[in-house]
Amino acid sequence: MALKCLIVEDEKLAQDVLIKYISLIPSLQLVHCSSSGSDAISYLHTNNIDLIFLDINMPELSGIEFLKTLLNPPHVIITTAYSEYALEGYEYSVCDYLLKPIRYERFIKAINKVIDLDKQSTIPSLNQSLTPIIDYLFIKEDNLVQKIFFKDLLYMQAFGNYLKIFFKESKTIVTRSTLTDIESQLPGNLFLRVHKSFIVAINSIDKISYNQIHIKETAIPIGTTYKQEVLKKIKIK
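Residue numbering for the sequence shown follows numbering that gives the first Met the number 0, starting at 0 and increasing by one per position.
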């Protein structure tokens, strides 16, 4: 079931960017765009929404003032050109903030954060709408851009400014990217950073020894600084 999205944004260009990004994700459904907080309030009086993309700096009623009017707000992602507004937004339990101009990979990270928050929720109706919202990413290889699905991945290894991606079907892709950049696009419930040079798909792990993760015939080192998080994520005491 798709998450119903409301855009509250007075800038046409920013609206268009969000509309485009939402359209690229089948499990997100845009149901309304408001150019003012007052219009959004009127819409919410008669409609249920799962996720609001909210601009902070709007005339008449600011995004923060809009948040104060909501008694039981849905998930909220702030969109703003001013990073100083982000801290104020977090005081109202927003899920994330997107700094304009919004990059698609950063948009995906924010949506994945909403997914993780929903998975921790005790409300069944929200949990039922979770999976999957995003199950892929796009990777550039030479002059091609390839769509790769999370379920097909084993692990990723960094080589300087390049990244080698290993698939279950024994193929690999090399792309010019850093591990940190790619990590921001991966859902935290499916992937785990285990070393400064490795990210692994959790469901591909075959076994774990004292300082290594084994995936098929490959032994992947667990970095000292990552070990505690690895054990916590895999629930090993």
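Note that the Cβ used here is the ideal one computed from N, Cα and C, for glycine as well.
Between the Cα of residue i and the Cα atoms of the options, which residue gives the shortest distance?
| i | options | result |
| --- | --- | --- |
| residue 191 | 102, 141, 162, 233 | 233 |
| residue 189 | 144, 8, 229 | 229 |
| residue 35 | 19, 59, 25 | 59 |
| residue 154 | 146, 185, 145, 144 | 185 |
| residue 198 | 231, 215, 164, 111 | 164 |
| residue 157 | 181, 136, 149, 147 | 181 |
| residue 46 | 72, 101, 23 | 72 |
| residue 217 | 96, 166, 183, 159 | 166 |
Sorted by chain position, which residues of the same chain lie with C-beta nearer than 6 Å to residue i's C-beta, five sequence neighbours on each side aside?
| i | result |
| --- | --- |
| residue 52 | 6, 17, 76, 78 |
| residue 174 | 138, 139, 140, 162 |
| residue 74 | 50, 94, 113 |
| residue 48 | 3, 5, 73 |
| residue 206 | 213 |
Below 8 Å CB to CB, which residues in the same chain sit around residue i once its five sequence neighbours on both sides are set aside?
| i | result |
| --- | --- |
| residue 168 | 151 |
| residue 43 | 5, 69 |
| residue 1 | 25, 26, 27, 28, 128 |
| residue 134 | 148, 149, 150 |
| residue 23 | 103 |
| residue 101 | 13, 16, 17, 20, 78 |
| residue 145 | 137, 138, 139, 172 |
Helix, strand or coil for residue i per DSSP?
| i | result |
| --- | --- |
| residue 226 | helix |
| residue 42 | helix |
| residue 218 | strand |
| residue 99 | coil |
| residue 64 | helix |
| residue 104 | helix |
| residue 113 | helix |
| residue 93 | coil |
| residue 18 | helix |
| residue 29 | strand |
| residue 50 | strand |
| residue 23 | coil |
| residue 69 | coil |
Using the C-alpha atoms, what's the distance from residue j back to residue i?
| i | j | result |
| --- | --- | --- |
| residue 39 | residue 177 | 40 Å |
| residue 208 | residue 64 | 52 Å |
| residue 171 | residue 56 | 45 Å |
| residue 221 | residue 211 | 5 Å |
| residue 109 | residue 116 | 11 Å |
| residue 91 | residue 61 | 14 Å |
| residue 3 | residue 10 | 21 Å |
| residue 224 | residue 194 | 8 Å |
| residue 226 | residue 27 | 35 Å |
| residue 143 | residue 37 | 45 Å |
| residue 41 | residue 14 | 19 Å |
| residue 67 | residue 54 | 14 Å |
| residue 204 | residue 32 | 43 Å |
| residue 80 | residue 111 | 21 Å |
| residue 215 | residue 196 | 18 Å |
| residue 219 | residue 160 | 20 Å |
| residue 201 | residue 187 | 10 Å |
Closer than 9 Å, CB to CB, is residue i near chain B or not?
| i | result |
| --- | --- |
| residue 49 | Chain labels in this structure do not include chain B; a single protein chain is all it has. |
Leaving out the 5 sequence neighbours to the left and right, which residues in its chain are closer than 7 Å to residue i when beta-carbon positions are compared?
| i | result |
| --- | --- |
| residue 82 | 98 |
| residue 20 | 103, 106 |
inquiry  = For a minimum of 4 consecutive residues, which ranges assigned as the alpha helix (DSSP H) are wholly contained in the stretch 144-200?
reply    = Fully enclosed alpha helix (DSSP H) runs of 4 or longer: 178-182.
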